[in-house]
Each structure stands twice: as structure tokens, then as C-alpha cells.
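Notes to accompany the following structure.
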Ligand code: NAP
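In this note's numbering, the protein residues as written are 27 to 319.
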């Protein structure tokens, strides 16, 4: 298929590379110049990337960035033609997603929100899970592309529902990780080595996919971004905004949001969200001792 891919960050670049590797005709665009994908044409603007494409795939930071690449100067909208599909793998506001979908529908374009889970490792390995909202017919047409980038798709309902499910998921990831980080900090302060605690966690009902993924990085004190802390903060905020609109109270989420605010103030915005541990360590006056790599 002819696919335009807009946004070559931690996630977008390997996703676009997997599309090209699977034999699709890919054009790519990134805001900052200098990012390329082997086998893909580098476009001069989002509109240029989308010209002649059957599908436009977006993976940028946040709601404002998606709006910008769609409707800003030289945006994707300029190149939209009847029958095209837009798939958005950014994690953004469900309400904004529905607005964007209505606007492009005027041009006969379908919009499928397709946020992902699986992080950098899943994007590189082509094993992402897609959390999808849109018409069954459009999703069917996108299946060869999902297959090139991921291992499974979960349809949550109509457009916007993929984002709704995704922000509910990420709220849980942030809270599960905070539980792990607080447990590690307390154990360290009480003199229990993290390298002794983690195997116990993994052998008990406390185990979780979040701990399984994050513990090796934490034990090596590798806080380089797999999923930047500032983006997890954005997702917690999206969840709290959606909760407010729906009149749902999320007290645990509100507390976790405050922890993220303080972690950003401490200069950890561009580190992995696992770096919220460093704030707990500072407060406790203890360091969760790492292991040599
Ligand atoms: P990232 O590495 O920070 O990349 C962000 C991308 O968005 C870059 O290509 C950036 O361009 C672009 N961008 C930001 N603002 C823009 C704007 N105003 N106009 C055009 N482009 C803009 O982030 P990422 O980790 O790939 O995440 C991308 C999306 O996937 C986010 O919504 C995130 O929440 C979601 N996600 C991430 C993960 C993960 O583990 N990393 C997992 C699931 C979902 P520049 O290169 O010019 O900065």
C-alpha cells in the first residue's frame, strides 16, 4: 500500500521502518530534519508526504501536534482525497479525535484512532498492540499495515474509543509503576536489596507486566527514555481531563499526577517515566541500589 508516515520519534521511526520492510511504499515526514527511514521517501511537509497516499499514519507527541500536522500550514488536510484513511498512533484526547474525524469526513476520509502499547521494544520488534477505534471496514483495510507493525489489534468501538481505552490503560501503568517504585523505596530504606526483592515480586501475585518490563532498567539504573516521563504526564492529564468531563473521581490518579509534576520540576521530563523513583529516593534519603549491567 502507499503509506505516508508522519512523526519519526521513538515509536514512529521503527514503525515506519517496519512498514517499509514489509514492502509498502512509504513516504515519511518529521518536524526536525535529518530523520530518515531506509527504503522510504523523505517528504518536505505533511501535505507532501500524504500526496497520493492511500493511508496516512500519524505518530507525534500530543493533541496539539496532531492538530498541527493535520490542519496546520502544509498540513495533511491539503492532500486528502476521497477514500483515504487516517490512522493516528499518537496518544491524544478522545474528544479532539472525534472533532478531527468529523472535519476530515467532509472530504470522504475515514479516521481510525490506533494508539499503541508495547513501547520502544515493541515498536522495534513489530510486536505492538493496537487499541483501535473506527469503522470495521476501515480497520479491515488497515490490517496489512497493523500486521507489519504489531502482533494484535483490539477494536474498542467507533472513532475515539481507542484513545479512551488507551488513556485508561496508561493511567493504570503509571499507578502500577508508582506502587512498584514506592515498594522498592520502602524496602531499600528498611535494608532489603532490590535485587533480592524483585525475584520475590515476580514469583508472587504482585508480579505484573509493568514490573517485568521496568525492573531490569531500574536495577541497572538506566533511566534513558523508553517512554518519556513528560509523555506519561501528558497521558495522566488526558485521563484526568476525560474523567472530569465524565464526572468520574480518580483520587489515586490525581496524586500520581502531582508526583509527575514534581519529577518534571526536578528536571526528569526527558528521562523515562521510571525516573519518578528518583523523587521518592530523594524524599526518603535512600538510593535503590543498582546492579552492574
Ligand atoms: P517522541 O520520541 O518524543 O517523538 C515525538 C514525535 O512527535 C517527534 O517526531 C516530534 O518531532 C513530533 N512532534 C512533536 N510536536 C510536534 C509538532 N507540533 N508538529 C509536528 N511534529 C511534532 O515520542 P514517542 O515516544 O515516539 O511517542 C509518540 C506518541 O506515541 C506519543 O503520543 C506517545 O504518548 C505515544 N506512545 C509512546 C510510547 C513509548 O513507549 N514511547 C508507547 C505508546 C504510545 P521532532 O523530532 O521534531 O521533535
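The beta-carbon is built from N, C-alpha and C at its ideal position, and this holds for glycine as well.
For ligand 1, is there any heavy atom lying closer than 8 Å to the beta carbon of residue i?
{"i": "residue 253", "result": "yes"}
{"i": "residue 164", "result": "no"}
{"i": "residue 44", "result": "no"}
{"i": "residue 117", "result": "yes"}
{"i": "residue 37", "result": "yes"}
{"i": "residue 136", "result": "no"}
{"i": "residue 18", "result": "The shown model of the chain, from 27 to 319, leaves out residue 18, and the question about it has no answer."}
{"i": "residue 159", "result": "no"}
{"i": "residue 100", "result": "no"}
{"i": "residue 94", "result": "yes"}
{"i": "residue 20", "result": "What the structure shows of the chain is the stretch from 27 to 319, and residue 20 is not part of that stretch, so it cannot be assessed."}
{"i": "residue 297", "result": "no"}
{"i": "residue 263", "result": "no"}
{"i": "residue 34", "result": "yes"}
{"i": "residue 236", "result": "no"}
{"i": "residue 28", "result": "no"}
{"i": "residue 240", "result": "no"}
{"i": "residue 66", "result": "no"}
{"i": "residue 87", "result": "yes"}
{"i": "residue 188", "result": "no"}
{"i": "residue 144", "result": "yes"}
{"i": "residue 58", "result": "yes"}
I believe residue i touches residue j by the beta-carbon criterion, under 8 Å. Please report the beta-carbon distance rounded to the nearest angstrom.
{"i": "residue 298", "j": "residue 250", "result": "6 Å"}
{"i": "residue 180", "j": "residue 157", "result": "5 Å"}
{"i": "residue 154", "j": "residue 27", "result": "With a Cβ gap of about 18 Å, residue 154 and residue 27 do not count as contacting."}
If contact is defined by three or more beta carbon pairs under 8 Å, each pair taking one atom from either stretch, is the region 89-99 in contact with the region 43-52?
no
Could you say if the region 139-159 and the region 181-199 meet the contact criterion of at least three C-beta pairs nearer than 8 Å?
yes
On the three-pair Cβ rule with 8 Å, is the region 302-314 touching the region 210-225?
yes
Are the region 116-130 and the region 189-202 touching, with three or more C-beta to C-beta distances below 8 Å?
yes
Taking 8 Å as the threshold, find out whether the region 229-245 comes into contact with the region 262-273 through three or more Cβ pairs.
no
Give the list of continuous alpha helix (DSSP H) stretches no shorter than 4 residues that lie fully inside the region 104-140.
120-131
At which residue ranges does the region 242-267 contain complete alpha helix (DSSP H) runs of 4 or more residues, listed in the order of the chain?
none
Three-pair Cβ contact test at 8 Å for the region 33-41 versus the region 158-165
no
Say whether the region 57-72 touches the region 141-151, bearing in mind that this needs 3 or more beta-carbon pairs closer than 8 Å, one atom from each stretch.
no
Suppose only complete runs of 3+ residues qualify. What are the beta strand (DSSP E) ranges in the region 131-201, listed by chain order?
136-139, 154-159 and 176-183
Write down every uninterrupted run of the alpha helix (DSSP H) in the region 64-105 whose length is 4 residues or greater and which is fully enclosed by it, in chain order.
72-76 and 89-97
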